[in-house]
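Enquirer:
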Amino acid sequence: MTGGLQSDRFLNLSGRTRHPMNMLAATSAFSFYALLSTVYKSTQALYAQPTNVSSLSDGLVDSDALPGVDVIVPCFNEDPCTLSACLESIANQDYDGKLRVYVVDDGSANLDAVRPVYDAYTRDPRFNLITPPQNMGKRKAQIAAIRRSFGDLVLNVRSDTIIGSDVVTKLALKMQNPAIGTAMGQLTASNRSDTWLTRLIDMGYWLACNEERAAQARFGAVMCCCGPCTIYRRSVLLLLLDQYETQFFRGKRSDFGEDRHLTILMLTAGYRTEYVPDAIAATVVPDRLGTYLRQQLRWARSTYPPAAPKKIVTDQLRSYPAAKTEIPELANAKHVFVKACARVNNPAENSHQPTRECERRMRGFRLPERTQSFLSCFGPIPQHFAQASSAERLALSQTARRAI
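Under numbering that gives the first Met the number 0, the residues of the sequence shown are numbered 0 to 403, in order.
Spelled out as structure tokens, the structure:
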């Protein structure tokens with residue numbers, strides 16, 4: 000009998016028995032996951048095939064017609080040689096339009112070491128140095144520079160990144176489409192040859208850019224435009240700054256995932272996010288495993304907050320049909336609010352918070368007889384409704400009293 004039981008089970012190295020059904024279930028689950036991964040990667044590779052893009056000759060050629068570009072470089076305790084290479088690559092851009100550079104030294108402890116790098120560009124009228132009195136963090140450093148800028152486009156470059164001489168030109172040409180809110184370039188590892196880890200990271204960057212981002216760009220929905228080399232439309236960026244600065248997660252202010260959050264805000268506002276493979280930037284990547292794991296943990300945290308935009312229609316309480324019955328002028332009224340991360344994403348609605356508060360008090364106003372009670376909630380924005388005469392108001396008031 001014992002032999003019969005052992006024949007129905009398998010012994011592992013520890014002497015414990017494992018039922019073959021458990022092994023079959025594990026094998027099936029692994030096979031199903033492998034199948035899904037294969038389908039996902041195959042579909043991604045299919046959509047990532049290069050498409051016809053406009054060349055430089057097809058773009059704008061008149062320097063006066065080219066949009067002004069403001070380059071923002073947040074810097075904190077950066078190596079002087081790395082920072083010098085970054086600023087030199089920006090200064091050597093072959094862009095014919097107006098180019099301004101804002102370097103934000105965010106309270107670096109090695110300010111004496113990087114001061115000669117800053118002094119080398121004091122005579123260049125394109126360069127501006129911003130030195131806050133204390134460390135503010137990357138997000139606020141970006142915002143401080145954005146508020147001082149006045150170009151049509153804003154290019155964010157990390158202080159350890161070297162960009163190609165044609166990056167600004169190619170990104171600016173991509174932004175000719177007014178439907179595009181942001182676009183990123185292709186990232187490579189500038190220290191690729193240092194260790195085995197940097198080689199693997201460089202390979203991962205290539206796959207992430209030329210497969211994942213390229214596939215997402217087919218739909219105009221790159222989910223994360225990486226900070227080392229990303230350009231934004233300034234007019235849209237200014238409307239999103241308040242939401243970008245005051246991001247919260249579980250009631251606490253969030254200080255990570257800036258690139259992903261800003262990309263999601265662009266998508267939620269209705270703009271396309273794109274990828275430009277010809278705009279190549281080389282950035283320094285971690286060469287030690289511990290540093291790399293901490294970086295990946297920090298990036299992974301930015302994917303956990305509810306980033307997916309949600310559209311919420313204010314007619315969930317079924318109050319508009321009742322109002323439209325009494326007031327035909329409201330038949331064409333549309334009130335749609337867009338939310339992301341439990342906050343209003345449409346900047347035009349930020350001034351309508353009293354209305355939103357009134358809507359929260361509208362529960363129960365679902366019957367046509369209570370139209371007057373419903374309309375009274377919209378006192379702050381009377382232009383949304385036609386003015387009723389004294390007789391009509393009296394009739395509606397009497398109807399409301401009978402309903403109550």
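The beta-carbon is built from N, C-alpha and C at its ideal position, and this holds for glycine as well.
What is the DSSP secondary structure of residue 181, reduced to helix, strand or coil?
Expert: Counting from one through the sequence shown, the residue named residue 181 turns up at place 182. If DSSP states are grouped into helix, strand and coil, residue 181 belongs with the strands.
Enquirer: If you follow the beta strand (DSSP E) that residue 229 is in, where does it begin and where does it stop?
Expert: Your numbering for residue 229 matches position 230 in the sequence shown. Note, residue 229: beta strand (DSSP E), 228–232.
Enquirer: Three or more C-beta pairs closer than 8 Å, one from the segment 99–117 and one from the segment 198–213: is that the case here?
Expert: no
Enquirer: With a threshold of 8 Å, are at least 3 pairs of Cβ atoms found where one atom belongs to the segment 152–166 and the other to the segment 274–290?
Expert: yes
Enquirer: Below 8 Å on the Cβ atoms is my guess for residue 226 versus residue 258; work out the distance and round it to an integer in Å.
Expert: In the sequence shown, counting from the first residue as 1, residue 226 sits at position 227. In the sequence shown, counting from the first residue as 1, residue 258 sits at position 259. The pair is a contact, with the Cβ atoms about 4 Å apart (cut-off 8 Å).
Enquirer: How long is the line joining the alpha carbons of residue 101 and residue 180, rounded to whole angstroms?
Expert: Here residue 101 refers to the residue found at position 102 when the sequence shown is read from its first residue. Here residue 180 refers to the residue found at position 181 when the sequence shown is read from its first residue. So the two alpha carbons sit approximately 21 Å from each other.
Enquirer: Might you give, ordered along the chain, the residues of its own chain that have their beta carbon closer than 8 Å to the beta carbon of residue 83, omitting 5 neighbours on each side?
Expert: Within the sequence shown, residue 83 is the residue found at index 84, counting from 1. Hits under 8 Å: 116 and 119.
Enquirer: Would you call the segment 140–154 in contact with the segment 233–241, where contact means no fewer than 3 C-beta pairs closer than 8 Å?
Expert: yes
Enquirer: Pull up the CB-CB distance for residue 80 and residue 160, whole angstroms please, since I reckon it's below 8 Å.
Expert: The sequence position of residue 80 within the sequence shown is 81, counting from 1. The sequence position of residue 160 within the sequence shown is 161, counting from 1. Not a contact, Cβ separation roughly 14 Å.
Enquirer: For the alpha helix (DSSP H) containing residue 111, name the first residue and the last one.
Expert: Here residue 111 refers to the residue found at position 112 when the sequence shown is read from its first residue. Segment 110–118, the alpha helix (DSSP H) holding residue 111.
Enquirer: On a Cα-Cα basis, can you pick out the residue from 112, 265 and 71 that is closest to residue 223?
Expert: Residue 223 sits at position 224 when you count from the first residue of the sequence shown. Shortest Cα-Cα distance from residue 223 to any of 112, 265 and 71 involves 265.
Enquirer: What is the DSSP secondary structure of residue 105, counted as helix, strand or coil?
Expert: For this step, residue 105 is matched to residue 106 along the sequence shown. In this structure, residue 105 counts as coil in the three-state DSSP scheme.
Enquirer: Measuring alpha carbon to alpha carbon, tell me which of 275, 34 and 232 ends up nearest residue 268.
Expert: What you label residue 268 is simply residue 269 of the sequence shown in a count that begins at 1. Cα-wise, what sits closest to residue 268 is 232.
Enquirer: What does the Cβ neighbour count give for residue 297, buried or exposed, with the cut at 16 atoms within 10 Å?
Expert: Reading the sequence shown from its first residue, position 298 is the one you call residue 297. Exposed, by the Cβ-count rule.
Enquirer: Anyone know if the C-beta pair for residue 69 and residue 150 falls short of 7 Å?
Expert: Locating residue 69 in the sequence shown gives position 70, counting from the first residue. Locating residue 150 in the sequence shown gives position 151, counting from the first residue. In this structure, residue 150 lies closer than 7 Å to residue 69 by Cβ.
Enquirer: Is residue 273 helix, strand or coil when you go by DSSP?
Expert: If you number the sequence shown from 1, residue 273 lands on position 274. Looking at residue 273 - three-state DSSP - the assignment turns out to be strand.
Enquirer: Could you check the C-alpha separation between residue 33 and residue 166 for me, to the nearest Å?
Expert: Against the sequence shown, residue 33 aligns to sequence position 34. Against the sequence shown, residue 166 aligns to sequence position 167. About 38 Å.
Enquirer: Going by the CB atoms, is the gap between residue 142 and residue 88 shorter than 7 Å?
Expert: Locating residue 88 in the sequence shown gives position 89, where the first residue counts as 1. Locating residue 142 in the sequence shown gives position 143, where the first residue counts as 1. Not in contact: residue 88 and residue 142 (Cβ atoms no closer than 7 Å).
Enquirer: Among 139, 183, 191 and 196, which one has its Cα closest to the Cα of residue 212?
Expert: Your numbering for residue 212 matches position 213 in the sequence shown. Comparing alpha carbon positions, the residue from 139, 183, 191 and 196 closest to residue 212 is 183.
Enquirer: Roughly how many whole angstroms lie between the Cα atoms of residue 410 and residue 22?
Expert: The structure shown has nothing for residue 410, since the chain only spans 0 to 403.
Enquirer: Compute the distance between the beta-carbons of residue 230 and residue 172, then report whether it is under 7 Å.
Expert: To locate residue 230, count along the sequence shown from 1; it is residue 231. To locate residue 172, count along the sequence shown from 1; it is residue 173. Result no, Cβ atoms of residue 230 and residue 172 do not sit closer than 7 Å.
Enquirer: Quick one, are the C-beta atoms of residue 47 and residue 210 less than 7 Å apart?
Expert: Counted from its first residue, the sequence shown places residue 47 at position 48. Counted from its first residue, the sequence shown places residue 210 at position 211. Closer than 7 Å, so yes.
Enquirer: Closest to residue 177 by CA distance: which of 246, 112, 29 and 66 is it?
Expert: The sequence position of residue 177 within the sequence shown is 178, counting from 1. Sorting 246, 112, 29 and 66 by C-alpha distance to the C-alpha of residue 177 places 66 at the top.
Enquirer: Anyone know if the C-beta pair for residue 284 and residue 187 falls short of 7 Å?
Expert: Position 285 of the sequence shown holds residue 284. Position 188 of the sequence shown holds residue 187. Not in contact: residue 284 and residue 187 (Cβ atoms no closer than 7 Å).
Enquirer: Buried or exposed: which applies to residue 382, given that a residue is buried once 16 or more other Cβ atoms fall within 10 Å of its Cβ?
Expert: The sequence position of residue 382 within the sequence shown is 383, counting from 1. Annotation note: pLDDT 49 at residue 382 (below 50); position unreliable, coordinate value reported separately. Taking all protein chains in view, the Cβ of residue 382 is surrounded by fewer than 16 other Cβ atoms within 10 Å, so the residue is classified as exposed.
Enquirer: Would you mind sorting residue 52 into buried or exposed? The rule is 16 or more other CB atoms within 10 Å of its CB.
Expert: Taking the first residue of the sequence shown as 1, we reach residue 52 at position 53. With a pLDDT of only 49 at residue 52, under the threshold of 50, the placement of this residue in the model should not be trusted, and no figure is reported.
Enquirer: Which of the three DSSP states, helix, strand or coil, is assigned to residue 75?
Expert: One-based indexing of the sequence shown puts residue 75 at position 76. The answer is coil: DSSP assigns residue 75 none of H, G, I, E or B.
Enquirer: With a CB to CB cut of under 6 Å and the five nearest residues on each side skipped, what residues in its chain are close to residue 217?
Expert: Counting from 1 along the sequence shown, the entry for residue 217 is found at position 218. Close CB contacts of residue 217 within its chain, under the 6 Å cut and outside five residues either way in sequence, are with 46 (chain order).
Enquirer: Between which two residues does the beta strand (DSSP E) carrying residue 153 extend?
Expert: Translated into positions along the sequence shown, residue 153 becomes position 154. Taken as a continuous stretch (DSSP letters only), the beta strand (DSSP E) holding residue 153 covers 152–156.
Enquirer: Between which two residues does the beta strand (DSSP E) containing residue 160 stretch?
Expert: Along the sequence shown, read from residue 1 onward, the residue named residue 160 stands at position 161. Taken as a continuous stretch (DSSP letters only), the beta strand (DSSP E) holding residue 160 covers 160–162.
Enquirer: So what's residue 218 in DSSP terms, helix, strand or just coil?
Expert: Locating residue 218 in the sequence shown gives position 219, where the first residue counts as 1. Residue 218 falls in the coil class under three-state DSSP.
Enquirer: So the alpha helix (DSSP H) residue 65 belongs to, where does it begin and stop?
Expert: Reading the sequence shown from its first residue, position 66 is the one you call residue 65. Premise fails: residue 65 is in no alpha helix (DSSP H) and is neither H nor E.
Enquirer: Counting only the same chain and skipping the five closest in sequence on each side, list residues whose C-beta sits under 8 Å from that of residue 134.
Expert: Counted from its first residue, the sequence shown places residue 134 at position 135. These residues qualify, in order along the chain: 75, 105 and 106.
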